[in-house]
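Taken in sequence, the protein lines are chains A and Z.
Throughout the first sequence, residue numbering follows the working numbering, covering 3 to 248 in sequence.
Throughout the second sequence, residue numbering follows the working numbering, covering 3 to 248 in sequence.
Number of protein chains: 2
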Amino acid sequence: MPDELAFRPARPRRAFDEIVTQVRGMLRDGSLRPGDRLPSERLLAEQFGVSRNTVREAIRMMEISGLVRLKLGAAGGAFIAEPDPGIAARGLADALQLTTLSLSDITEARLWVESIVVRVACERMTEEQLRALHDNVDEVSKLSAEGNWERKAIVHVEFHNLLADATGNPVMAVLMRSMADLLRELALAVGPSTDDIIVRSRRRLLRHLRNRDADKAVLEMQRHLKRLHRMWLTGAYQGSRTSRSG
Amino acid sequence: MPDELAFRPARPRRAFDEIVTQVRGMLRDGSLRPGDRLPSERLLAEQFGVSRNTVREAIRMMEISGLVRLKLGAAGGAFIAEPDPGIAARGLADALQLTTLSLSDITEARLWVESIVVRVACERMTEEQLRALHDNVDEVSKLSAEGNWERKAIVHVEFHNLLADATGNPVMAVLMRSMADLLRELALAVGPSTDDIIVRSRRRLLRHLRNRDADKAVLEMQRHLKRLHRMWLTGAYQGSRTSRSG
DNA sequence: TCGCTATATTGGTCCAACCATAGAGAGGGG
DNA sequence: CCCCTCTCTATGGTTGGACCAATATAGCGA
Numbered sequence: 003m004p005d006e007l008a009f010r011p012a013r014p015r016r017a018f019d020e021i022v023t024q025v026r027g028m029l030r031d032g033s034l035r036p037g038d039r040l041p042s043e044r045l046l047a048e049q050f051g052v053s054r055n056t057v058r059e060a061i062r063m064m065e066i067s068g069l070v071r072l073k074l075g076a077a078g079g080a081f082i083a084e085p086d087p088g089i090a091a092r093g094l095a096d097a098l099q100l101t102t103l104s105l106s107d108i109t110e111a112r113l114w115v116e117s118i119v120v121r122v123a124c125e126r127m128t129e130e131q132l133r134a135l136h137d138n139v140d141e142v143s144k145l146s147a148e149g150n151w152e153r154k155a156i157v158h159v160e161f162h163n164l165l166a167d168a169t170g171n172p173v174m175a176v177l178m179r180s181m182a183d184l185l186r187e188l189a190l191a192v193g194p195s196t197d198d199i200i201v202r203s204r205r206r207l208l209r210h211l212r213n214r215d216a217d218k219a220v221l222e223m224q225r226h227l228k229r230l231h232r233m234w235l236t237g238a239y240q241g242s243r244t245s246r247s248g
Numbered sequence: 003m004p005d006e007l008a009f010r011p012a013r014p015r016r017a018f019d020e021i022v023t024q025v026r027g028m029l030r031d032g033s034l035r036p037g038d039r040l041p042s043e044r045l046l047a048e049q050f051g052v053s054r055n056t057v058r059e060a061i062r063m064m065e066i067s068g069l070v071r072l073k074l075g076a077a078g079g080a081f082i083a084e085p086d087p088g089i090a091a092r093g094l095a096d097a098l099q100l101t102t103l104s105l106s107d108i109t110e111a112r113l114w115v116e117s118i119v120v121r122v123a124c125e126r127m128t129e130e131q132l133r134a135l136h137d138n139v140d141e142v143s144k145l146s147a148e149g150n151w152e153r154k155a156i157v158h159v160e161f162h163n164l165l166a167d168a169t170g171n172p173v174m175a176v177l178m179r180s181m182a183d184l185l186r187e188l189a190l191a192v193g194p195s196t197d198d199i200i201v202r203s204r205r206r207l208l209r210h211l212r213n214r215d216a217d218k219a220v221l222e223m224q225r226h227l228k229r230l231h232r233m234w235l236t237g238a239y240q241g242s243r244t245s246r247s248g
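Written out as structure tokens, the structure reads:
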């Protein structure tokens, strides 16, 4: 007997689930847009015909999902959030605690997805986007020399995002950002030591991109990624998970 | 579950944030494992020294993060969840939903990602996974004949998830699920009319997969996706977002 | 005009009930 | 002895009231 989802339950979900679904719907059809402010909790409770506590649980759901951001005070409230793939990545990180997600899995997925990204970007990217990538590499190089590790890590990851943006496809940009954020979570366990290699590889990649040589660009990316992967595996980060034995 | 006061009182930030952090910590160090049951809301409220409402918001947070699953009734409660890639995918899907996307963007991204998925699945998929895909197509065919549109749409989209699972890469599975969620929303807006074409194309695809002919399989998928895209564009679905009139 | 204060509005927390659900165990009939 | 049913009860779900904490804004006073 298959789980018959054929019929929706008449008294289906919890009340706050329904509220979240309605807000999601408004988001989808455009009646709510990023930056918009939801009515206050008290007003929502009245409009939905539920108690304020129920509304709060719904809002909590949306906050965790990254759909809204909450502001305190008189002009506060629940505001539709700007798209933030980082939230999604955090969800992945949570899943990481439960599932067995190895560094190999992520590297492999990146290898696949980024191959596409590089190839498409090679065809489509504008001069301006190419310059932005150059600037990014320069900044990483500079920050690395200064020893500004924290800022450097951010700019570092941003390279992948810029590359994904260069495909001109927003879906791809979001997917890439999520993976990049996830990667950064894992890379924390590795520590900083590979800057030189990364920067040099990226400069080679940029040269191929400028020449619109997709094959060479993809090859450079793949070689670099595999090399990086090997270095990580032989480095401090060993297991497929963070160790939980004392 | 130890009957000592295993939890420290919570206060500093928002109270429920602290609660979630503590539970996360217990999960990390192994004092809580998948399948374990958290104390009841009332007991947790007592142990944490907060109200039951606050505990509920914390539990809601953990539920959204996919950390726990809730069960109703006498032996119910909050149970540490088994790993579920679908949970992580929902967060990504939310991020995608906040971005302004056109159908072209999604189709293009699918074309790219699914090309990879098909190719890899062709190499790695087991007989069992192939059979699951066959069963899926059969069920879609049956539901379509019965006119069970709603359930059909779900099973329909599940095809892509099964395919992604066949790559054996959980990251890929999550990425695909995110896009599939998006796709299901769109498919509902478009309405049912393309079933025959889809089913027939999928049967051809499965034949290629069974023969381990990656090139033909990828080609079949790409041809089908482009065709579908054209049909949608000339159909009821016009704008770059779903519009709900009335 | 500038700066401070009062106030209104908002989210954050708490309480004490009640409802709906579903497992568990008691009871009856075979 | 076993199986079915029925009730009992612990659980999450919901309610509506109250108060606290933060904060933007209007209004007052120097």
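Even glycine gets a Cβ: it sits at the ideal position worked out from N, Cα and C.
About 7 Å separates the beta carbon of Ala123(Z) from that of Leu211(Z), a gap short enough to meet the 8 Å contact definition. Assigned with DSSP and collapsed to three states, Arg71(A) falls in strand. Close to Glu110(A), with beta-carbon spacing below 7 Å, are these residues of chain Z in chain order: Asn171. Per DSSP, the unbroken alpha helix (DSSP H) holding Gly27(A) starts and ends at Ala17 to Arg30. With fewer than 16 other Cβ atoms from the protein chains shown falling within 10 Å of its own Cβ, Asp19(A) counts as exposed. What Arg62(A) touches in chain Z, judged by beta-carbon distance under 7 Å, is Glu59, Arg62 and Met63, going in chain order.
With contact defined as three or more Cβ pairs closer than 8 Å, the segment 19-36 of chain Z and the segment 19-29 of chain A are not in contact. Non-local C-beta neighbours of Leu207(A) in its own chain, meaning closer than 7 Å and more than five positions away in sequence, comprise Ala219, Glu222 and Met223, ordered along the chain.
In terms of beta-carbon proximity, Glu84(A) lines the interface with chain Z, with at least one pair separated by less than 9 Å. Between Asp107(Z) and Pro172(A) the beta-carbon gap is near 6 Å, inside 8 Å, which marks them as a contact. If you draw a straight line from the Cα of Glu125(Z) to the Cα of Ser53(Z), it is about 54 Å long. Distance from the CA of Asn150(Z) to the CA of Leu105(A), rounded to the nearest whole angstrom, comes to 42 Å.
Judged by their CB atoms, Pro41(A) and Ile82(A) are not nearer to each other than the 9 Å cut-off.
Judged by DSSP in its simplified three-state form, Ala80(Z) adopts strand. The beta carbon of Trp114(Z) falls within 9 Å of a beta carbon belonging to chain A, placing the residue at that interface. Contact with chain Z is found for Ile118(A), since one of that chain's Cβ atoms lies less than 9 Å from the residue's Cβ. The Cβ atoms of Ser67(A) and Asp31(Z) lie no closer than 9 Å to each other. Judged by beta-carbon spacing, Met174(A) lies beyond the 9 Å limit of Val120(A), meaning their Cβ atoms are not closer than that value. Of all residues in the segment 31-49 of chain Z, only Asp31, Gly32 and Pro36 place a beta-carbon less than 9 Å from a beta-carbon of chain A. Ranked by Cα distance from Ile21(A), the options Leu45(A), Asp198(A), Ala166(A) and Phe50(A) are led by Phe50(A). Counted as a single uninterrupted DSSP element, the alpha helix (DSSP H) harbouring Ser106(Z) occupies residues Leu105 to Arg126. Leu135(A) has its alpha-carbon roughly 7 Å from the corresponding atom of Leu165(A). In this structure, Met233(Z) lies near Ile199(Z), with their beta-carbon atoms less than 9 Å apart. Collapsing the DSSP output to three states places Arg214(Z) in coil. Put simply, of Asp215(Z), Arg214(Z) and Leu184(Z) the residue whose alpha carbon is nearest the alpha carbon of Leu98(Z) is Leu184(Z). By the neighbour-count definition (other C-beta atoms within 10 Å, threshold 16), Ser180(Z) is a buried residue.
Under a 10 Å Cβ-count criterion, Asn138(A) is classified as buried, with 16 or more other Cβ atoms of the shown protein chains found around its own Cβ. Pairing Arg209(A) with Glu129(A), the inter-Cα distance amounts to about 13 Å. For Asn138(A), the enclosing alpha helix (DSSP H) covers residues Glu129 to Glu148.
Put simply, the CB of Ser203(A) is far from chain Z, with every gap to its CB atoms at 9 Å or more.
Chain order gives no chain Z residues near Val70(A), where near means a beta carbon separation below 7 Å; the closest approach is about 10 Å.
For Ala111(A), same chain residues with a beta-carbon under 8 Å away, outside a window of 5 residues either side, are Met181 in chain order.
Residues of chain Z with a Cβ closer than 8 Å to the Cβ of Leu29(A) are, in chain order, Gln99 and Leu100. Rounded to whole angstroms, Ile156(A) and Ser203(Z) show a C-alpha spacing of 44 Å. The beta-carbon separation of His231(Z) and Thr102(Z), rounded to 18 Å, does not stay under the 8 Å limit for a contact.
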